[in-house]
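For the sequence shown, position 62 matches number 70 in my numbering, and the numbering has no gaps at all.
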Amino acid sequence: MIEVVALFFDGTDLAARVLGDLRHDAPDDWTWLEDVAVVERHHSGRVATHLTHGGSVTEGTAIGVVTGALVGLVFPPASLGALAVLAGAAGAGIEKLRKDTELPAGVASEIQTRLTKGSSALVLVGETADVNVLDAATMQFAVRDRLRQTLPDDVVDGMTGRFA
Numbered sequence: 009m010i011e012v013v014a015l016f017f018d019g020t021d022l023a024a025r026v027l028g029d030l031r032h033d034a035p036d037d038w039t040w041l042e043d044v045a046v047v048e049r050h051h052s053g054r055v056a057t058h059l060t061h062g063g064s065v066t067e068g069t070a071i072g073v074v075t076g077a078l079v080g081l082v083f084p085p086a087s088l089g090a091l092a093v094l095a096g097a098a099g100a101g102i103e104k105l106r107k108d109t110e111l112p113a114g115v116a117s118e119i120q121t122r123l124t125k126g127s128s129a130l131v132l133v134g135e136t137a138d139v140n141v142l143d144a145a146t147m148q149f150a151v152r153d154r155l156r157q158t159l160p161d162d163v164v165d166g167m168t169g170r171f172a
């Protein structure tokens, strides 16, 4: 099964530091770490996303692309957002993308809601076993909130087909 997990931290730099610590101590078989995205919402409200694809080629590479797609759908690039606002269609455009990929509305809105100003998150779309490892490995850190949801197979197929 494929799941999405978002781990939320107080502080805009904490998620990146946690990911750095995980990478430093990670065994070689944690290739899924290359698919973890860092999302930061600064005190000004500006959102920065950092996709960490490091070029590992694994069987799950298409799933790794889904993490980037999910983050892009939830927090579109500023230039895309600015153009959409000028066209008066920001909300409608993002909603259309969400519907086209069949991403459950609750996942996107929950990530947006829980990522408050001055906070950051680690986001991973991956196999349940990998999500379990990430969840367990972050227990030692000050995770403020956790969101975890299984994605139906048809959603994953739709997203990998569109973005992979």
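Beta carbons are placed, not taken as given, at the ideal position from N, Cα and C, and that holds for glycine.
Beta-bridge partners of residue i, as assigned by DSSP
i: V131; result: A14, A45
i: V151; result: Partner(s): none; V151 has no beta bridge.
Residue range of the unbroken alpha helix (DSSP H) whose run includes residue i
i: V26; result: 22-33
i: T57; result: Element bounds for T57: not the alpha helix (DSSP H) but the beta strand (DSSP E), 55-59.
Test item: CB-CB of residue i and residue j under 8 Å
i: V47; j: L123; result: yes
i: V55; j: L132; result: no
i: I10; j: G114; result: no
i: L30; j: L41; result: yes
i: V173; j: L159; result: With the chain represented from 9 up to 172, any question about residue 173 goes unanswered, as that position is not in the structure.
i: L15; j: T136; result: no
Under the three-state DSSP convention, the category residue i falls into
i: L123; result: coil
i: R156; result: strand
i: W3; result: Past the edges of the chain, shown from 9 to 172, lies residue 3, and the structure says nothing about it.
i: T146; result: coil
i: S117; result: helix
i: G19; result: coil
Within-8 Å CB hit, residue i to chain C
i: A45; result: Of the protein chains in the structure, only one exists, and it is not chain C.
- Task: Specify whether the region 13-28 and the region 112-129 touch according to this definition: at least 3 beta carbon pairs, one from each stretch, less than 8 Å apart.
- Result: yes
- Decide if the region 47-56 is in contact with the region 151-162; the criterion is three or more beta carbon pairs, one per stretch, under 8 Å apart. no
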